[in-house]
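Residue numbers (my numbering): 797 to 1722.
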C-alpha cells in the first residue's frame, strides 16, 4: 500500500463522512438489533401481497424444476447439472425462504434438506480439505467448469465457502434440529486451510499440478465472505476491514473501489450491486457499508438520469457466449465495464439485472428510482414456470433468458427479508450465535410437521391431567447379551438417531408412555410393543446410553401395571397416554374399555419376551406383568381371539369374542404367544392359503379355514410379514408367503416404473389410516380405508417397508432401489415420515411409533448377521414358568411349561418354527 500523509488521510475521511451523512439521509435503511432465533424466523410481520406471492412462486419453481433427486442438489443454471458451493448456499437460502413463505411444507423441506446434507457430507473434497470449486449436481462428482469429471478437482473458493457458511447459519438458526449435522460437516472440512495472514485464500491447480493458494475477495464480497467465516468462529480481520480502497468519481458520485485491480493482482476489482444487497438482507447494512451501498445505488440512478437507460448492474449468467459476465459500476479503471472473469470486455451484453433490481427495491422501499427499475423486471419470468430470467439486455431490449439459481434464490431471499419486516436474516451483529437449545418452530398458518388430526369429539377441548407413574425399583446394572456383527456406518447411525427422535419427541415423561402417532395422545398395546422393541434396538445400536435405556424401560414396565384391564382380564385396545384411561380409537373416554386385541397382545408379548432374553435383569418385573393378565378367552382351541364391544339399540354394551384371521398379523401374534408356551397351532403359520394372481405372481390373500366364518376387511400388505421376518426369521411356511408378496411389488415396479412398498400407513387427513394393498377387496394395488372403501390417489410408498426389505434382502436390486427412494424422508427432530404418495411423490405427513420402530429394528437386523431379532431364553425357572408348572391358575395359562416354538438353523438361515405338525406350504386355491 502507498503511504499517505496523516493530514491527507484525515481530510479524506472528513469528506467521506459529510457525503455519507447526506446519502444515508437519502437512502436510510432501518437495521434493528436482533437476537436471532427460530421464533424470529417464523415471525412474518409484513406478509407478502398477492402480487409478491406470485413473484415468490415463480422463483421457487426454478428450484422445483431443477432439482436433482439423486443428490438433493439443484442445477446452477436451468437444465445444466453443475453447481458451486455458492450455488449450494443460494439453494439453502431459497429453501429456508420457501419454507417460511409457505411455498413448501415441512415434510418437503425435510426431505430436500436431508438429501442435500447427506450428499454434501459425502462429497469428495479437494485434497481432503475443502469442497472442490464445482460439482456435477446430478452425480456429485468433482468436475471442472465445463462439467468434466476430474479425479483431483480444480481447487476451492474461499468466497464460496463463506457463502455456504452464512447459509448454514441461517439453517441451524431457523431449523435447530439440523445444528449438530451442520456442525459435523463444518468440522469435517479443513476450513483453516483457507485462512492465511488474516485473509481468505482460495486454491488453484497450476499447470504443473501443484496447488497454489491465492488471496480471494475484493471490496464488498471479501467482507461478506469473511462474515460467513466469522459466524462459525473463524477470524479473518483483514478481510473484514474495508482497506485497501480508494474513491473514484463516477457520474458525480464518489464510489469506493478496491485498489487491488486486475493489472496488479490478476483479479478483478469490480463494483457490483449483489455483494451490498447480500450484506443488507442477511447482516443488515451498517456504518460505512451502508454508506457504500447507498452510493452504489445512487450512481446507477444518476446514469439513468443522464442516459435514460435503466441501470441495475451486477454479475449474471447470459443466454449466449461467453455465458457469464460482470456488469459493473467500475472495474479495473473502466466505468460501467462489462467484462469476463479474464477482464475481456463485452459492452454489447450489458444488462439490467433482475436480482439487483429486486434487491435495491426491497432494501430501499421508499426510493423512487429503485421502484422504477424494479417495475421494469418484476414480471420477467418465463411463461413455462421455469423461474425468473436473469435480466434485460440494454442494447437490444430483449430478455436475457438465462435461468439461474442465483437469480431465483436471491429473489426468494429478498422476499423473505421483506416478509420479516426488513429484518436481516442473520442479524445486525455480524457474528451472532444461535441458541443451542432452540426448538423448531413452524409457521402458524402452515400445518405443523406433526399435524393435528381433527377428531369431532368433546375431548378435543379438554386436556386430561397427566398421570404420574413412578418407575419400578432398580433391577441392577443394565446388561445386554446381544453381540453385533459389525458397527453401524456413519449414514446408518444418522438414520437410527433420526428414528429414535420419534420416541424422544413423543415421550410422556410423567408416566413413561409413548404415543402411537405424533398427532394423537393415545397408545395401543401394539404401539407400546413397538416402543419396547425400539428401546432394545436403540440400546443395542448404542444410540442411547445404558442409563437412559434402564430409566425408560423401568418407567414403561411400571406404566403397564397401571393400565386398567378390560373386564379385569387383558389390556384394552387403546388408552389416553395422559390419563392412562381407556379410550376408543377416536380418543373418546370409555371407562369400561373397548375390548382387547389379540394381535396387539402378541406384539407386546414378543417385545417382553425379548426384553427378558436380552436383558434378563428385568425378568421378574416382566413376569409379574403378564401374570396379571388372564388368557382364558384370548387363546381358545389353538386359535387367537379378540374382543369387541358394541352398543345395542337399547343402550346396552355387549362384548363379543371372535377369532383373529387378519392375514400375516394372526401368524405373527401366534408365534409370539408360542414363545410363552401357548398352543396356537391353528393360528400359527401353516395350512392352506388362498391366493390371487397379481403381476403374474400368486399372492396370498387369506388362510383357507373352516373353523370360523368371521368377516373382516381382508387385504394383503407387507407390514406383518416384514415384522415376522425381522423378529422370527423366515421358516419355510412363512417364506412361501413372504416371497410372492415381495416379488409382486418388484414386478409392478419393473412394469410401471412405480416404486411400490405396500403397507398400512397413518396419515394426517381423512381417512387417517390407508392400506396400500398388494391386493384388497379383490382388486390389485387398491388403496383402502379401515372401512374398506377406496381412497383415490391414496397409495403410499412406505418408509418402514423400504428399510425392512433392504435389511432382509440386501443384495436384491429392487430392495436397494426402494431404500434409495425413502432414506431422506425424515425430520431430525421428529423421526421418519410414513412415506410418500405414489402419484405425486409428495411426502406423507405423519410420524408413528410403528414406522420408526421398524426402521430401528431393520438397522439392528443388518448389523447382527441377519439373525432373527427374537433370541431364545435359557431361563425356564422364572415366575412365569413356575406359575405354568403349578397349574390351576384360573388365568388360562399354558398347560405345559414348554415353549411351543423353537429357533433352528439350516442352509437357508435361522428361524423360529412350531413344534406342531400343521406346516403345509401355500396352495393356489381361489
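Backbone N, C-alpha and C fix where the C-beta goes; we use that ideal spot for every residue, glycine too.
Asked: Residue(s) in a DSSP beta bridge with residue 1392; Found: 1439
Asked: Close beta carbons around residue 949, own chain, < 6 Å, minus the five adjacent residues each side; Found: 922, 928, 938
Asked: C-alpha distance - residue 1327 paired with residue 1598, whole-angstrom precision; Found: 20 Å
Asked: Collapsed DSSP secondary structure at residue 1568 in the structure displayed; Found: strand
Asked: Nonlocal neighbours in the same chain, by C-beta distance under 7 Å from residue 1709, ignoring five residues either side; Found: 1527, 1697, 1698, 1700
Asked: Limits of the alpha helix (DSSP H) - the one that residue 1111 falls within; Found: Run containing residue 1111: none in the alpha helix (DSSP H); it sits in the beta strand (DSSP E), 1111-1113.
Asked: Within 8 Å, strictly: CB atoms of residue 1178 and residue 1199; Found: yes
Asked: Buried versus exposed call for residue 1219 [16 or more other C-beta atoms within 10 Å across all chains shown]; Found: buried
Asked: Outcome for residue 1548 when other beta-carbon atoms lying within 10 angstroms are tallied against a minimum of 16; Found: exposed
Asked: Within 8 Å, strictly: CB atoms of residue 991 and residue 999; Found: no
Asked: Residue 1065 - containing alpha helix (DSSP H), residue span; Found: Here residue 1065 belongs to no alpha helix (DSSP H), and DSSP marks it neither H nor E.
Asked: Endpoints, the beta strand (DSSP E) within which residue 1544 is located; Found: Run containing residue 1544: none in the beta strand (DSSP E); it sits in the alpha helix (DSSP H), 1528-1548.
Asked: 3 or more residues per run - each beta strand (DSSP E) lying fully within the region 1678-1702; Found: 1697-1702
Asked: Residue 1000 - containing beta strand (DSSP E), residue span; Found: 995-1001
Asked: Cβ-Cβ distance between residue 1350 and residue 1267 below 8 Å; Found: yes
Asked: Residue 1339 versus residue 1618: straight-line alpha-carbon distance, rounded; Found: 21 Å
Asked: For residue 1245, three-class secondary structure by DSSP; Found: Reliability fails at residue 1245, whose pLDDT of 29 lies under 50, so the model's placement of it is uncertain and no value is given.
Asked: Sub-8 Å separation of residue 1537 and residue 1481 beta-carbons; Found: no
Asked: Own chain residues within Cβ distance below 7 Å of residue 1716, not counting five before or after; Found: In this prediction, residue 1716 scores a pLDDT of 38, lower than 50, which makes its location untrustworthy; the coordinate-derived value is nonetheless stated afterwards. Only 1482, 1483, 1484 meet the Cβ criterion.
Asked: C-alpha distance - residue 1705 paired with residue 866, whole-angstrom precision; Found: 34 Å
Asked: Start and end residues, beta strand (DSSP E) containing residue 932; Found: 930-932
Asked: Classification of residue 1213 by the beta-carbon crowding that lies within 10 angstroms, buried from 16 upward; Found: buried
Asked: Distance, residue 900 Cα to residue 1388 Cα; Found: 44 Å
Asked: Span separating the alpha-carbon of residue 1497 from that of residue 982; Found: 52 Å
Asked: Closest Cα partner of residue 1647 within the set 1539, 1311, 1358; Found: 1311
Asked: Within 8 Å, strictly: CB atoms of residue 1675 and residue 1416; Found: yes
Asked: Distance between residue 839 and residue 849 (C-alpha atoms, nearest Å); Found: 17 Å
Asked: Residue closest to residue 1525, alpha-carbon to alpha-carbon, out of 1654, 1664, 860, 1580; Found: 1664
Asked: N- and C-terminal bounds of the alpha helix (DSSP H) containing residue 1611; Found: 1609-1618
Asked: Touching by the beta-carbon criterion (3+ pairs, under 8 Å), the region 1166-1178 and the region 1083-1090; Found: no
Asked: Residue 1070 versus residue 1564 - alpha carbon distance; Found: 48 Å
Asked: Simplified DSSP state of residue 1587, which is helix, strand or coil; Found: coil
Asked: Segments assigned alpha helix (DSSP H), at least 4 residues, entirely inside the region 1458-1533; Found: 1461-1471, 1515-1524
Asked: Beta-carbon gap between residue 1426 and residue 1393 smaller than 8 Å; Found: no
Asked: For residue 875, the nearest candidate out of 1152, 955, 861, 1316 (CA to CA); Found: 861
Asked: The alpha helix (DSSP H) enclosing residue 1195, as first and last residue numbers; Found: That residue, residue 1195, is in no alpha helix (DSSP H); its beta strand (DSSP E) goes 1195-1199.
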